[in-house]
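What follows is a single structure, written as structure tokens, with notes after it.
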Amino acid sequence: MHRRSILAGLALAAALVSSGALAQSDSRTGGAAPYRYRCAQSIAPNQAAANEQLRQKYELWRASRVSYEGNQARVKADADFAYFDDGGTEQQLPHGTTSEGQGYGMLLAAYMGDRKTFNALEAYRYAHRNAKGALPWVIRADGVVADSGAASDADQDMAFALLVAHRRWGGYAAPLDELLGTIRTHMVVPEGSAHAYLLTAGDMPLQYWEVTFPGYMAPAWYRAFATHTGDAFWMEVADKSYQYLTSIDLNPSYANAATGLLPDRTRPDGTLDADPESHRFSWNAVRAPWRLAADAAWNCESRASSRLDRMNAFFSGGGPGRGPTGIGSAYHTSGAFLDDSLFGGPDRSPWFYGPLTSAAMLSTNAGYRRGMWSETLRMMDFSKYGHGLGLLGLLLASGNMHDPLADPRRTVDDFEAGISRRWWSYADTAGSTLTATMAWPAAVSQGVRVTYSVVKWAGFGVTLNENWSAYRALEFWLEGTGSGNPIYLELEDADGELFVHRFVDDFTGWRFASVPLNTTAFPRRRDYQPAAINNGMTLTNVRAIRFQPWGRGSFGVDGLVLVP
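Per our numbering, the very first residue in the sequence shown carries number 11; after that it's consecutive.
Now the structure itself:
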């Protein structure tokens with residue numbers, strides 16, 4: 011196929027192809043149906059708008075909370091952050107780093123497709139490992155370890171983030187397998203011991219292990235680890251997690267039959283310990299709805315969905331501390347609202363709202379789902395480092411956090427490895443120019459910026475030869491400069507027929523696009539076809555796509571993905 015003939019008559023095509031302004035037209039987001047998991051779907055009121063909102067929130071989180079230090083990066087805690095040492099003394103850790111915050115950061119970067127930030131966060135984790143291979147749970151801002159002990163929830167989140175990154179980009183198998191080995195050896199009760207396969211609180215020797223945290227249990231993560239490693243050990247860990255949670259329900263002291271609420275901490279057998287947190291659903295336990303929602307949505311796990319049904323019924327009901335605008339941060343597992351007495355009023359935080367919004371995917375109450383989505387989105391400003399958990403909750407609730415081993419979407423190119431040789435730029439010899447260069451930050455991480463001055467024709471295309479017949483839309487990010495110029499996206503199908511979607515650059519910054527793979531969104535070119543074929547769009551072997559601007563200006567492209 012000759013590139014010159016493909017683009018001949020492009021000026022005429024501008025008058026013939028159906029148009030749509032990128033900033034407002036349905037042509038930009040016509041393919042953006044709610045994203046789906048196996049047993050749940052996005053609760054965002056508008057999928058395209060949600061994707062743009064989450065990108066903006068991620069940028070704000072990265073700017074507010076990530077400190078880049080050479081080739082490393084860490085997630086900063088608050089200026090007034092403090093922790094209690096082993097002796098029970100409060101210690102100040104201004105702008106230090108916690109392992110849980112680093113884990114949330116790695117998950118966010120991996121799922122958002124920000125490889126540069128992910129690599130820097132992973133480099134920090136790797137450089138600061140303790141003697142057992144885990145990340146110390148508190149590290150000062152100057153890099154000095156404040157407590158070398160590890161927290162198991164953080165290391166399993168970092169391992170899961172490595173799995174997401176490995177499935178997305180490749181190249182992370184070695185650190186992933188090493189970290190999984192650390193967790194298995196030092197953080198899971200071995201076979202043959204009491205409470206075998208139960209995740210412990212950290213990497214301490216078993217004889218010093220006294221408490222377990224229900225909010226740490228992540229059965230969806232363990233299923234993925236089992237698939238990755240081929241080791242049934244991790245399925246035992248997943249099943250033990252549910253056995254442990256059930257042991258809590260069977261203890262009448264918690265009185266949680268109606269609420270499904272879990273305590274912040276227990277003894278390994280699920281009974282209360284002497285700490286008042288033993289009956290309190292608060293900052294630790296609230297992570298459970300997020301982790302269980304992943305198992306319910308991805309794997310249709312009834313033990314997760316049945317508990318979330320009770321939680322959703324409780325939080326969507328009437329009374330103190332309930333409803334989308336009334337949720338606080340401390341409850342007795344029976345449902346009594348404790349926030350007023352503890353903190354002088356509801357302490358409303360995305361740390362709490364995000365996980366509960368994930369759980370709301372399973373709720374039948376549409377008003378509650380909408381309210382939880384909007385409240386979490388509204389309050390998330392990252393003034394506290396824990397707001398990162400709120401953003402993770404929204405990623406899951408919006409359908410943007412898939413099981414990495416069963417993601418139905420397919421990446422065409424995210425440019426995280428640069429501009430591959432499949433892409434090519436072209437222009438006429440009558441004075442047109444077009445150059446494509448890497449840009450960072452782009453929509454999320456690296457992207458491509460195309461600068462052009464077109465007299466007759468020019469473009470930026472990629473050779474594919476891929477079967478797209480299982481997908482309903484092509485989604486990507488497009489950066490505009492407000493030039494008013496048209497930008498044509500041309501698709502060459504299996505028969506060599508040409509179909510064109512037209513955008514208008516009447517906006518500035520990065521915008522989300524979702525274009526259905528049909529002839530309504532991609533009308534057949536009327537001015538030119540390379541052959542006398544006219545049998546509709548055939549997606550069994552898409553030969554190429556090309557971005558073809560008109561006029562003079564620039565635009566950006568990032569994150570091309572096919573969605574089923």
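C-beta: ideal position from N, C-alpha, C; glycine also.
CA nearest to the CA of residue i, picked from the options
| i | options | result |
| --- | --- | --- |
| S158 | Q166, A169, K142 | K142 |
| Y462 | L444, Y218, E476, Q456 | L444 |
| V85 | P496, W383, S393 | S393 |
| F449 | Y136, V567, T439, M389 | Correcting the residue type first, residue 449 is Ala in the shown sequence and not Phe. Checked all of Y136, V567, T439, M389; the closest Cα to A449 is V567. |
| S162 | Y182, Q112, G153 | Q112 |
| R277 | F235, F513, F223 | F223 |
| G270 | F291, Q102, L401, E100 | F291 |
| W560 | N475, W361, S442, G225 | S442 |
| T586 | P365, R177, T548 | Any answer about residue 586 is impossible in this case: the structure gives the chain only from 11 up to 574. |
| G225 | Y254, W219, Y93, M245 | Y254 |
| D259 | T239, D96, P273 | P273 |
| D167 | A54, L209, A87 | L209 |
| L549 | D424, R233, L484 | L484 |
| G428 | L103, R75, D124, A73 | D124 |
| A87 | A452, L527, G398, D516 | G398 |
| G327 | N477, A206, R379 | R379 |
| F486 | A54, A58, R46 | A58 |
| Q9 | D90, P104, F470, Q66 | Examination of residue 9 is not possible in this model, given that the chain is present from 11 through 574 alone. |
| A89 | Y395, G240, V552, R301 | Y395 |
| L387 | C49, L70, A42 | L70 |
| T99 | V296, R72, A156, Q51 | A156 |
Cutoff 6 Å; reference residue i; Cβ partners in own chain excluding five residues on either side
| i | result |
| --- | --- |
| H196 | K142, D213 |
| R420 | L572 |
| A171 | M116, L117, A120 |
| H511 | L499, V525, A531, F532 |
| W433 | V472 |
| E62 | F522 |
| S479 | L549, T550 |
| D424 | G123, G569 |
| S263 | L282 |
Proximal residues to residue i (C-beta, below 8 Å), its chain only, five neighbours per side dropped
| i | result |
| --- | --- |
| D349 | G331, G338, S339, A340, Y341, G355, P356, D357 |
| L508 | I16, E500, L501, E502, R534, R535, Y538, Q539, P540 |
| M245 | Y232, R233, A236 |
| N544 | E507, R534 |
| Y207 | V198, V199, E201, F243, E246, V247, D249, K250 |
| D417 | R177 |
| F324 | A268, T269, G270, L271, R332, G345 |
| N477 | L549, T550, N551, V552 |
| T491 | D515, T518, G563, S564, F565 |
Three-way DSSP call (helix, strand, coil) for residue i in this model
| i | result |
| --- | --- |
| F392 | coil |
| V154 | coil |
| P414 | coil |
| T529 | coil |
| R512 | strand |
| N266 | coil |
| M116 | helix |
| P229 | helix |
| R358 | coil |
| G490 | strand |
| D165 | helix |
| L32 | With a pLDDT of 32 at L32, under the threshold of 50, the modelled position of that residue is not reliable, and the figure given next carries that caveat. Coil. |
| Q57 | helix |
| D274 | coil |
| A585 | This structure does not reach residue 585, given that the chain is present from 11 up to 574, and the question cannot be answered. |
| Q63 | helix |
| F170 | helix |
| W71 | helix |
| R556 | strand |
DSSP beta-bridge partners of residue i
| i | result |
| --- | --- |
| G569 | Per DSSP, none; premise fails for G569. |
| I149 | T107, V155 |
| Y47 | Bridge partners of Y47: none, in fact. |
| Q82 | E79 |
| P496 | V514 |
| M448 | V458 |
| G209 | As written in the sequence, residue 209 is Leu, which differs from the Gly given in the question. Paired residue(s): V198. |
| P224 | P224 is not bridged to any residue. |
| G563 | Y462 |
| W433 | V472 |
| T443 | S463 |
| T335 | Answer is none; T335 lacks a bridge partner. |
Contact set for residue i: own chain, Cβ-Cβ below 7 Å, skip 5 residues either direction
| i | result |
| --- | --- |
| E110 | A161, D163, A164 |
| A369 | P299, A303, L318, M321, N322 |
| A183 | H176 |
message = Can you confirm whether the stretch 403–421 touches the stretch 369–383 when touching is taken to mean that 3 or more C-beta pairs between the two stretches lie within less than 8 Å?
response = yes
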